[in-house]
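This report concerns only the one structure given below.
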Amino acid sequence: MRHTGHHGERTAWWGRNLQKWIPVSSILRRLIVCEREGTIVSSCVCVIIPNLTRGVWPYAFVENVVTRADARGHGYATACLNHAKALAQQAGCYKMMLLTGSHDPKTLDFYRHAGYSSTDKTAFIQWL
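Residue numbers are given in my numbering: position 2 of the sequence shown equals residue 10, and the series is strictly consecutive.
So this is what it looks like as structure tokens:
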């Protein structure tokens with residue numbers, strides 16, 4: 009059985025061992041920024057992570073969505089999230105996950121409006 013894996017490479021399954029080599033270099037990390045007049049006003053981090061479930065389709069993880077207070081409400085964070093989504097789609101991801109430490113209802117509504125659900129998964133954090 010063959011599957012199309014990360015970045016379009018062919019992934020083969022061998023017998024019952026179901027072995028797949030996932031090189032560290034296959035993890036795609038991006039710092040996405042939006043600028044206004046040469047100054048960064050919004051950013052996020054997007055990581056495409058190889059995966060052994062869901063037919064070895066990768067998934068995307070988004071975190072640290074930040075926008076300067078004086079630039080909020082102008083679509084910069086939305087542009088960052090849209091770019092992260094485009095990267096995830098290009099990589100063949102089957103889902104995107106976003107973590108936030110914010111409890112501000114406006115922030116949470118922003119993420120919901122951007123298409124993220126807070127009811128599908130439970131996040132656990134262990135600080136090191």
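Even glycine gets a Cβ: it sits at the ideal position worked out from N, Cα and C.
For residue i and residue j, what's the separation of their Cα atoms in angstroms?
i, j, result
"D128", "G63", "20 Å"
"N90", "I56", "15 Å"
"M105", "C88", "14 Å"
"G123", "K103", "11 Å"
For residue i, name the three-state secondary structure that DSSP assigns.
i, result
"L106", "strand"
"A77", "helix"
"L39", "strand"
"Y84", "helix"
"T115", "helix"
"N72", "strand"
If we count the other Cβ atoms within 10 Å of its Cβ and call it buried at 16 or more, is residue i buried or exposed?
i, result
"A137", "This structure does not reach residue 137, given that the chain is present from 9 up to 136, and the question cannot be answered."
"V74", "exposed"
"L107", "exposed"
"A77", "exposed"
Are the beta-carbon atoms of residue i and residue j separated by less than 8 Å?
i, j, result
"L39", "S51", "yes"
"V41", "V53", "no"
"V66", "G100", "Going by the sequence as given, residue 66 is Pro instead of Val. Contact: yes."
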